[in-house]
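Asker: Numbering (full-length UniProt numbering) for the sequence shown: 1 to 230.
My questions all concern the structure below.
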Amino acid sequence: MPVHQHIRVTADAVVLRFNSKEGMMVLLSKRSIPPHIFKWGLPGGFVQNDEPLENAVHREIRDETGLRVNYLEQFKTFGAPDRDPRGRVLCVAHVGLIKPSAAKLTLGAGNKEARWYPVRELPQMAFDHAEVIAAALDHLRLRFRHEPLAFELLDAKFPVSELEKLYEWLYDRMVDRRNFQKKIHGLGLLTTQQEKLKHPLQGRPAQLFSFNREKFTELQEKGTFVEIFS
Numbered sequence: 001m002p003v004h005q006h007i008r009v010t011a012d013a014v015v016l017r018f019n020s021k022e023g024m025m026v027l028l029s030k031r032s033i034p035p036h037i038f039k040w041g042l043p044g045g046f047v048q049n050d051e052p053l054e055n056a057v058h059r060e061i062r063d064e065t066g067l068r069v070n071y072l073e074q075f076k077t078f079g080a081p082d083r084d085p086r087g088r089v090l091c092v093a094h095v096g097l098i099k100p101s102a103a104k105l106t107l108g109a110g111n112k113e114a115r116w117y118p119v120r121e122l123p124q125m126a127f128d129h130a131e132v133i134a135a136a137l138d139h140l141r142l143r144f145r146h147e148p149l150a151f152e153l154l155d156a157k158f159p160v161s162e163l164e165k166l167y168e169w170l171y172d173r174m175v176d177r178r179n180f181q182k183k184i185h186g187l188g189l190l191t192t193q194q195e196k197l198k199h200p201l202q203g204r205p206a207q208l209f210s211f212n213r214e215k216f217t218e219l220q221e222k223g224t225f226v227e228i229f230s
């Protein structure tokens, strides 16, 4: 039986940044054309015929916001028949992570307005993008337990308290600081830096650390089971 299909594909990105004051923030852009005009949605758009999916996502993020993510991963395809009023459109969803120091927006020519929104205080969203964001967070909760993706949301040098608060936000529960730090330091994943972070409201500067990627790679190559968070 012949099959007549007219299916279009978009590549969309849940781009996230984090800091302990604001929590997890997601990058949204306001749509300037129908459908869902003036609603907020994820950066993304239709994939060109000769364009790899990952290239399409990077292009859309760059054109709409001026940002370049340091980590990008495809995690799920959304394909409900009625998700887009223009017809059958598949959304190939990606999650992108960006460091705080690289999160300043520069609007591109193709977008009138973009901004960071708290993940827990989303505006009215276009399409099924609220569902896409929720699925991205579920995906990260699985990955963060055994893989060092949390460091993709931190600057190169950071206080360990920022890492703790990131895990607390993502899993919505308090972290046992003593056990958490013992585990992280025991794995050898942190390198102590010479600098310390001075806080205007705290008398004692916080020690800064960096992620020891070489050590994590070494553990993987040895077949060591790495559990960062439990």
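Even glycine gets a Cβ: it sits at the ideal position worked out from N, Cα and C.
1) Per DSSP, Ala-114 forms a beta bridge with which residues?
2) Could you tell me which of Ala-134, Asp-84 and Phe-229 sits nearest to Leu-163, measuring between CA atoms?
3) Is it the case that the Cβ atoms of residue 234 and Thr-10 are separated by a distance below 8 angstroms?
4) Kindly identify the DSSP beta-bridge partner or partners of Asp-12.
5) Decide if Glu-121 is buried, meaning its Cβ has at least 16 other Cβ atoms within 10 Å, or exposed.
6) Which residues does DSSP pair with Lys-76 in a beta bridge?
7) So does the region 192-199 actually touch the region 219-226, counting three or more Cβ pairs closer than 8 angstroms?
8) Assign Phe-216 to buried or exposed, taking buried as 16 or more other Cβ atoms, counted over all protein chains shown, within 10 Å of its Cβ.
9) Would you check if the region 47-65 and the region 150-158 touch, i.e. whether three or more CB-CB distances between them fall below 8 angstroms?
10) Considering only DSSP beta bridges, list what Gln-207 is partnered with.
11) Tell me which residues share the same chain as Gly-96 and place their Cβ nearer than 6 angstroms to its Cβ, disregarding the 5 neighbours each side in the sequence.
12) Could you check where the alpha helix (DSSP H) with Ile-61 kicks off and where it finishes?
Answerer: Taking the geometry as given:
1) Ala-114 is bridged to Ser-29.
2) Closest by alpha carbon: Phe-229.
3) Lying before the first or after the last residue shown, residue 234 is absent from the chain, which here runs from 1 to 230.
4) Its beta-bridge partners are Gly-44 and Ala-93.
5) Exposed, by the Cβ-count rule.
6) Note: Lys-76 sits in a beta bridge opposite Ala-93.
7) No, the region 192-199 does not touch the region 219-226.
8) The residue in question, Phe-216, is buried, as its Cβ has 16 or more Cβ neighbours within 10 Å.
9) The answer is no - the region 47-65 does not touch the region 150-158, with fewer than three Cβ pairs under 8 angstroms.
10) DSSP output for Gln-207 lists Lys-196 as bridge partner(s).
11) If we look at Gly-96 and ignore the five residues flanking it on each side, its Cβ neighbours are Ala-13, Val-15, Val-69 and Leu-72.
12) Per DSSP, Ile-61 belongs to the alpha helix (DSSP H) from 53-65.
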